[in-house]
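S.K.: Our numbering puts the first residue of the sequence shown at 2, with every later residue one more than the last.
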Amino acid sequence: MTTLIYGGRIVNEGRTFSGSVVIDNGFIADIQEGNMHPRGNYDHTVDATGCFVLPGIIDEHVHFREPGLTSKADIESESRAAAFGGVTSYLEMPNTVPQTTTIEALEQKWQLASTKSHVNYGFFFGATNTNANLFQSLDRSLIPGIKLFMGSSTGNMLVDRREALDRVFSESARLHLPVMAHCEDTDIINQNMREAKATHGDDPDISLHPLIRSAEACYASSEKAVELACRHDARLHIAHISTERELALLDSPSGNELPQITGEAVLAHLLFDESDYQRLGALIKCNPAIKTAADKQALRQALTSGLIFAVGTDHAPHLLEEKQGGAAKAKSGMPMIQFSLVSMLQLVDEGVLSIERLVELMCHNPVRLFAINRRGYLRRGYHADITIVKPHTGWTVTKKVIQSKCKWSPVEGRVYNWRVEHTFCNGLHIYNKGMFAPDSKGEQLLFDNR
Numbered sequence: 002m003t004t005l006i007y008g009g010r011i012v013n014e015g016r017t018f019s020g021s022v023v024i025d026n027g028f029i030a031d032i033q034e035g036n037m038h039p040r041g042n043y044d045h046t047v048d049a050t051g052c053f054v055l056p057g058i059i060d061e062h063v064h065f066r067e068p069g070l071t072s073k074a075d076i077e078s079e080s081r082a083a084a085f086g087g088v089t090s091y092l093e094m095p096n097t098v099p100q101t102t103t104i105e106a107l108e109q110k111w112q113l114a115s116t117k118s119h120v121n122y123g124f125f126f127g128a129t130n131t132n133a134n135l136f137q138s139l140d141r142s143l144i145p146g147i148k149l150f151m152g153s154s155t156g157n158m159l160v161d162r163r164e165a166l167d168r169v170f171s172e173s174a175r176l177h178l179p180v181m182a183h184c185e186d187t188d189i190i191n192q193n194m195r196e197a198k199a200t201h202g203d204d205p206d207i208s209l210h211p212l213i214r215s216a217e218a219c220y221a222s223s224e225k226a227v228e229l230a231c232r233h234d235a236r237l238h239i240a241h242i243s244t245e246r247e248l249a250l251l252d253s254p255s256g257n258e259l260p261q262i263t264g265e266a267v268l269a270h271l272l273f274d275e276s277d278y279q280r281l282g283a284l285i286k287c288n289p290a291i292k293t294a295a296d297k298q299a300l301r302q303a304l305t306s307g308l309i310f311a312v313g314t315d316h317a318p319h320l321l322e323e324k325q326g327g328a329a330k331a332k333s334g335m336p337m338i339q340f341s342l343v344s345m346l347q348l349v350d351e352g353v354l355s356i357e358r359l360v361e362l363m364c365h366n367p368v369r370l371f372a373i374n375r376r377g378y379l380r381r382g383y384h385a386d387i388t389i390v391k392p393h394t395g396w397t398v399t400k401k402v403i404q405s406k407c408k409w410s411p412v413e414g415r416v417y418n419w420r421v422e423h424t425f426c427n428g429l430h431i432y433n434k435g436m437f438a439p440d441s442k443g444e445q446l447l448f449d450n451r
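(1) Using the C-alpha atoms, what's the distance from Gly414 back to Gln325?
(2) Expressed to the nearest angstrom, what Euclidean distance is found between the alpha-carbon atoms of Ile59 and Val88?
(3) Look at the alpha carbon of Arg10 and the alpha carbon of Gln33, and state the distance between them as a whole number of angstroms.
(4) Taking the alpha carbon of Arg66 as the reference point, which residue from Gly57, Ser78 and Ile309 has its own alpha carbon closest?
(5) For the structure I just gave you, are there three or more beta carbon pairs, one from the stretch 361 to 381 and one from the stretch 44 to 51, closer than 8 Å?
(6) Per DSSP, what kind of secondary structure is Lys324 in: helix, strand or coil?
(7) Can you tell me the Cβ-Cβ gap for Asp274 and Ile291, rounded? I've got them flagged as a contact below 8 Å.
(8) Using the beta-carbon count (16 or more within 10 Å), is His177 buried or exposed?
(9) Sort Gln445, Ala303, Gln100 and Gly152 by Cα distance to Ile189 and report the nearest one.
(10) Whole angstroms is fine: what's the gap from Glu105's alpha carbon to Leu135's?
(11) Can you check the stretch 252 to 319 for any beta strand (DSSP E) of at least 3 residues that lies completely inside it and give the ranges in chain order?
(12) Give, in chain order, every unbroken run of the beta strand (DSSP E) that is at least 3 residues long and sits entirely within the stretch 357 to 425.
(13) Between the stretch 84 to 104 and the stretch 422 to 430, do at least 3 Cβ pairs fall closer than 8 Å?
(14) Considering only DSSP beta bridges, list what Tyr43 is partnered with.
(15) Taking all protein chains shown into account, do 16 or more other C-beta atoms lie within 10 angstroms of the C-beta of Val22, making it buried, or fewer, making it exposed?
(16) CA-CA distance, Val421 and Thr388?
(17) What residue from Leu272, Ala299 and Met2 has the CA that sits closest to Lys286's CA?
(18) Give the C-beta separation of Glu247 and Ser223 to the nearest angstrom, bearing in mind that I take them to be a contact with Cβ-Cβ under 8 Å.
(19) Please return the same chain residues whose Cβ sits closer than 6 Å to the Cβ of Asn130, not counting the five positions on each side in sequence.
(20) Starting from Gly20, follow its DSSP beta bridges and name the residues at the other end.
(21) On the three-state DSSP scale, how would you describe Leu237?
(22) How about Val267 and Gly313: are their beta carbons less than 7 Å apart?
(23) Helix, strand or coil for Ile242? Go by DSSP, reduced to three states.
(24) By how many angstroms is the C-alpha of Ala328 removed from the C-alpha of Thr200?
(25) Report the three-state DSSP secondary structure of Thr71 (helix, strand or coil).
(26) Is there contact between the stretch 292 to 305 and the stretch 351 to 359, where contact requires at least three CB pairs shorter than 8 Å?
(27) What is the residue span of the alpha helix (DSSP H) that Asp350 lies within?
(28) In whole angstroms, what is the alpha-carbon distance linking Gln279 and Leu346?
(29) In its own chain, which residues sit with a C-beta less than 7 Å from the C-beta of Lys332, not counting the 5 before and 5 after it?
(30) What does a CB cutoff of less than 7 Å around Ala295 pick up in its chain, not counting 5 residues either side in sequence?
(31) How many Å lie between Met436 and Gln445 at the Cα?
(32) What is the DSSP secondary structure of Gln445, reduced to helix, strand or coil?
(33) Return the residue from the list Asp167, Ala240, Ser208 and Leu259 that minimises the CA-CA distance to His233.
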């Protein structure tokens, strides 16, 4: 099966140029610059005139809720939402039921995804206070790394013993597995919540959420994680950074060398600030909390400076009824994967970053961080994961277009100027201008350089 994509502007490895892409048997067979498309007979052609052709988006941070929490979401529904949003690969977190903290639970997820995921999949192995001895038994070519929760609200996945933290970082370093850490100080948060409840009742107003899960709590935990990573010479990726102060903990980029300490920004903290609680209430409640306008602006600037190394979504669906209440009772998390790319392209239009930098943050750098095999770039011999987007096509997010199982989004009602036109995954045309291939299946991601 051969496919020709022609007429578009290709964005790849820091450049944007006119060109064509040839797909053969699921892989990129050729990339040619210029307006003349390659001669030959093709089984399928796509006219990308007026569009931008990008590597498939890789979302390094999602919660698809399966197994055990499938009333909210499942692998089928959320990977479908991913395809509609131009996301061709995802890395999923371990706080499901059962938690992905045993080899058996990890294998169960692989089996589920092999039959249900429409796009490519990988699963983090979760650390606990007692399971670092299992790391050496993992097939390191099949996992991106270790997910470490250093914050509350994660059940028994909270790792809070110093000896356990040392073991997680030392074993990860020995095995060359990156640690992706959720950093919030539980003691600070618990004290803040006690004080808020004493003054404001059992369910403090949602506007107090960023004061309870405070900037201080984030910085204290992130600082500890950096200290541990440096002590054990481990690679650390701090998830969903939400404060300006934390940016100072990250390594500055230096050429093509992969920094030891990297940071992720997620859509919630790039799109919203504390003023939006009045309008959207608990719909934008997430952990870490959305904070000040100054924090949002600093994170946006860090997209271009290089201090933020990758952008994910922390896609975390809940039922709408679970999002009712305040800082104590409403669930934290929101579904964002379908609208991540168009939201970032909106920031491109606003001059926050270039489209070339967007591709670096959402395609190239996840590959660099987790050594994903032959994806994230438009290169000959790489898997044909390709997203085609078109500017100047205004449309509005309505409940009808939302693919996530929970059927709501904090961006409902927002008008976007960019639209995902086509999504190719492993060379298969799984999304075509609103038409979806329901029988499409993604592949298990493989990880190199272990």
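Every residue, glycine too, gets a C-beta built ideally from N, C-alpha and C.
M.R.: Short version:
(1) Counting from one through the sequence shown, the residue named residue 325 turns up at place 324. Counting from one through the sequence shown, the residue named residue 414 turns up at place 413. Distance between the alpha carbons of Gln325 and Gly414: 19 Å.
(2) Here residue 59 refers to the residue found at position 58 of the sequence shown. Here residue 88 refers to the residue found at position 87 of the sequence shown. Approximately 6 Å between the Cα atoms of the pair.
(3) The residue labelled residue 10 in the question sits at position 9 within the sequence shown. The residue labelled residue 33 in the question sits at position 32 within the sequence shown. So the two alpha carbons sit approximately 11 Å from each other.
(4) Working through the sequence shown from its first residue, we reach residue 66 at position 65. Measuring from the Cα of Arg66, the nearest candidate turns out to be Ser78.
(5) no
(6) As a working note, residue 324 is residue 323 in the sequence shown. If DSSP states are grouped into helix, strand and coil, Lys324 belongs with the helices.
(7) Here residue 274 corresponds to residue number 273 of the sequence shown, with the count starting at 1. Here residue 291 corresponds to residue number 290 of the sequence shown, with the count starting at 1. That belief holds up - the Cβ atoms of Asp274 and Ile291 are roughly 6 Å apart, short of 8 Å.
(8) Position 176 of the sequence shown, counted from the first residue, corresponds to residue 177. Exposed is the call here.
(9) As a position in the sequence shown, residue 189 is number 188, starting the count at 1. Among Gln445, Ala303, Gln100 and Gly152, the Cα nearest to that of Ile189 belongs to Gly152.
(10) Start at 1 with the first residue of the sequence shown, and residue 105 comes out as number 104. Start at 1 with the first residue of the sequence shown, and residue 135 comes out as number 134. As the crow flies, the alpha-carbon of Glu105 is around 11 Å from that of Leu135.
(11) 262 to 267 and 311 to 313
(12) 387 to 391
(13) yes
(14) Residue numbering aside, residue 43 sits at position 42 when the sequence shown is read from its first letter. The partner list for Tyr43 (beta bridge, DSSP) is empty, contrary to what the question assumes.
(15) Locating residue 22 in the sequence shown gives position 21, where the first residue counts as 1. The residue in question, Val22, is buried, as its Cβ has 16 or more Cβ neighbours within 10 Å.
(16) One-based indexing of the sequence shown puts residue 421 at position 420. One-based indexing of the sequence shown puts residue 388 at position 387. Taking the straight line joining both Cα atoms gives about 7 Å.
(17) Stepping through the sequence shown from its first residue, residue 286 is reached at position 285. Checked all of Leu272, Ala299 and Met2; the closest Cα to Lys286 is Leu272.
(18) Mapped onto the sequence shown, residue 247 falls at position 246. Mapped onto the sequence shown, residue 223 falls at position 222. Indeed they touch by this definition, with Cβ atoms about 5 Å apart.
(19) The sequence position of residue 130 within the sequence shown is 129, counting from 1. Excluding positions up to five away in sequence, the list reads Val160, Arg162 and Ala165.
(20) Here residue 20 refers to the residue found at position 19 when the sequence shown is read from its first residue. DSSP, once it has assigned bridges, lists Gly9 and Glu34 as partnering Gly20.
(21) Here residue 237 refers to the residue found at position 236 when the sequence shown is read from its first residue. Of the three classes helix, strand and coil, the one that applies to Leu237 here is strand, per DSSP.
(22) Taking the sequence shown and counting its residues from 1, the one referred to as residue 267 is at position 266. Taking the sequence shown and counting its residues from 1, the one referred to as residue 313 is at position 312. Yes, Cβ-Cβ distance for Val267 and Gly313 is below 7 Å.
(23) The count along the sequence shown starts at 1 and reaches residue 242 at position 241. Ile242: coil per DSSP, three-state reduction.
(24) Looking up residue 200 in the sequence shown gives position 199. Looking up residue 328 in the sequence shown gives position 327. C-alpha separation (whole angstroms): 13 Å.
(25) Residue numbering aside, residue 71 sits at position 70 when the sequence shown is read from its first letter. Coil.
(26) yes
(27) The residue labelled residue 350 in the question sits at position 349 within the sequence shown. Segment Ser341 to Asp350, the alpha helix (DSSP H) holding Asp350.
(28) Taking the sequence shown and counting its residues from 1, the one referred to as residue 279 is at position 278. Taking the sequence shown and counting its residues from 1, the one referred to as residue 346 is at position 345. Roughly 26 Å separates the two Cα atoms.
(29) Translated into the one-based positions of the sequence shown, residue 332 becomes position 331. So the qualifying residues of the chain are His319, Glu323 and Lys324.
(30) Counted from its first residue, the sequence shown places residue 295 at position 294. Cβ neighbours of Ala295 within its own chain (closer than 7 Å, five residues either side excluded): Glu245.
(31) As a working mapping, residue 436 is identified with position 435 in the sequence shown. As a working mapping, residue 445 is identified with position 444 in the sequence shown. Distance between the alpha carbons of Met436 and Gln445: 24 Å.
(32) Stepping through the sequence shown from its first residue, residue 445 is reached at position 444. DSSP places Gln445 in the strand class (E or B) of the three-state scheme.
(33) Taking the sequence shown and counting its residues from 1, one reaches residue 233 at position 232. The shortest C-alpha separation from His233 is found at Asp167.
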